[in-house]
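J.: Numbering (the working numbering), first residue to last: 537 to 697.
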Amino acid sequence: MTLRRTRVKDWWRKWSYEIPLAFGDALWEVLVVQFAAFLSGLTLRRVLEFIAIAMLAMAFAQTFPIDLAILFAGDTLMYLEILVVIRLAAGWGYLAHALRLAAQIARLAMHAVLAAVHQPVSRINRLRERRTRARSAGRRIPDRSDDGWDFGARWDRLATA
Numbered sequence: 537m538t539l540r541r542t543r544v545k546d547w548w549r550k551w552s553y554e555i556p557l558a559f560g561d562a563l564w565e566v567l568v569v570q571f572a573a574f575l576s577g578l579t580l581r582r583v584l585e586f587i588a589i590a591m592l593a594m595a596f597a598q599t600f601p602i603d604l605a606i607l608f609a610g611d612t613l614m615y616l617e618i619l620v621v622i623r624l625a626a627g628w629g630y631l632a633h634a635l636r637l638a639a640q641i642a643r644l645a646m647h648a649v650l651a652a653v654h655q656p657v658s659r660i661n662r663l664r665e666r667r668t669r670a671r672s673a674g675r676r677i678p679d680r681s682d683d684g685w686d687f688g689a690r691w692d693r694l695a696t697a
């Protein structure tokens, strides 16, 4: 009698406690954990691909059976992928040209730096002095000091009586 009662208790415990908990854990894994992992890996490109496939399948489903519509939608998307690859290859050409231009600019800068390093300091100072004299001769800076005329008379000319 006790053996039978323990088997019933085990059976009752298993079906009322363990199996619902295992089922709840499985639902949690699928509906929460795996769905969160799917959403974290979701990109705009995948969403747009799914929308494009759905629209193409609906468009083809109006004239073809659904299995052929999905097949044609997938083929059309494959052709779009080929166009993306071609555009990326064209973009690679622009990138290579920009890199070549950057390398030329870097070489030019290195030549200018090396030329400046090999110049004697006295010559660089003379060039700098000549450049500053040319700038100052080109424009006159007005005298804004407090000495001088104020209201038509100089300060040293005013006399008190």
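Where is the CB? At the ideal position from N, CA and C, for every residue including glycine. As the structure is a computational prediction, the values presented were derived from the model and not from experiment.
1) Taking L592 as the reference, give the member of T668, L663, P556, L616 with the closest Cα.
2) Where do the N-terminal and C-terminal ends of the alpha helix (DSSP H) with V583 fall, by residue?
3) Apart from the five residues on each side of it in sequence, which residues of its chain come closer than 6 Å, Cβ to Cβ, to A595?
4) What number of angstroms, rounded off, separates the C-alpha of K550 from the C-alpha of E565?
5) When you compare each of A558, L637, V569, A609 to I587 by their alpha carbons, which one comes out closest?
6) Going by beta-carbon coordinates alone, are T605 and A597 separated by less than 7 Å?
T.: On the basis of the supplied data:
1) On the sequence shown, position 56 is the one that residue 592 refers to. Ranking the options by Cα distance to L592, first place goes to L616.
2) Indexing the sequence shown from 1 puts residue 583 at position 47. It spans 580–597 - the alpha helix (DSSP H) in which V583 sits, taken as one unbroken run.
3) Walking along the sequence shown from the start, residue 595 turns up at place 59. So the list is empty, once near-sequence residues are dropped.
4) The count along the sequence shown starts at 1 and reaches residue 550 at position 14. The count along the sequence shown starts at 1 and reaches residue 565 at position 29. For the pair K550 and E565, the Cα-to-Cα distance works out to about 21 Å.
5) Numbered from 1 along the sequence shown, position 51 holds the residue referred to as residue 587. That would be A609, whose Cα lies nearest to the Cα of I587.
6) In the sequence shown, residue 605 corresponds to position 69, counting from 1. In the sequence shown, residue 597 corresponds to position 61, counting from 1. The residue you asked about is not Thr; residue 605 is Ala in the sequence shown. Cβ atoms of A605 and A597: closer than 7 Å.
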